[in-house]
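Participant: Structure provided below as structure tokens; questions to follow.
Numbering (my numbering), first residue to last: -5 to 119.
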């Protein structure tokens, strides 16, 4: 079970990319595929910097959390930014009927850990 959770978390993290796109679809097996791609321009704006400044800091090996700390933004506010993003996107898919309550709570259960890992990582280290 632990390995399955690790695979799930890894899969969820892998889909984080460069523009805001959320895609949810239920397959015949009842498995929900929830893909998220972030808009780094919006993240840069939240952090109070340009995309170029963000890219420069990212290139230096700073994570989103470290960039926020450098700008005086509390970690809970950074986490809140991503919680709000996911909440709004998941609500859209729930209203469309693609995401059931079971899917929603299954995704929400691991969201805190996934967000923390995402904002703390930088492969340039």
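Don't be surprised by glycine CBs; every beta carbon is placed ideally from N, CA and C.
Rounded to whole angstroms, what's the CA-CA distance from residue 116 to residue 52? Just pull it up for me.
Facilitator: Their Cα atoms are separated by approximately 7 Å.
Participant: With 16 other CB atoms within 10 Å as the buried threshold, where does residue 62 fall?
Facilitator: Classification for residue 62: buried.
Participant: Which residues bound the beta strand (DSSP E) around residue 31?
Facilitator: 26 to 31 is the span of the beta strand (DSSP E), which, as asked, contains residue 31.
Participant: Just to check my reading of the structure: residue 57 and residue 107 have Cβ atoms closer than 8 Å, yes? What is that Cβ distance to the nearest angstrom?
Facilitator: Actually they are not in contact, since the Cβ atoms of residue 57 and residue 107 sit about 15 Å apart, beyond 8 Å.
Participant: Look up residue 92 in the DSSP assignment and say whether it is helix, strand or coil.
Facilitator: In this structure, residue 92 counts as coil in the three-state DSSP scheme.
Participant: Just to check my reading of the structure: residue 64 and residue 42 have Cβ atoms closer than 8 Å, yes? What is that Cβ distance to the nearest angstrom?
Facilitator: No, residue 64 and residue 42 are not in contact; Cβ-Cβ is about 10 Å, not under 8 Å.
Participant: Helix, strand or coil for residue 20, going by three-state DSSP, please let me know.
Facilitator: Any reading at residue 20 needs caution, since the residue's pLDDT is 48, under 50, leaving its predicted position unreliable; the model's value is listed next. In the structure shown, residue 20 sits in a strand (DSSP, three-state: E or B).
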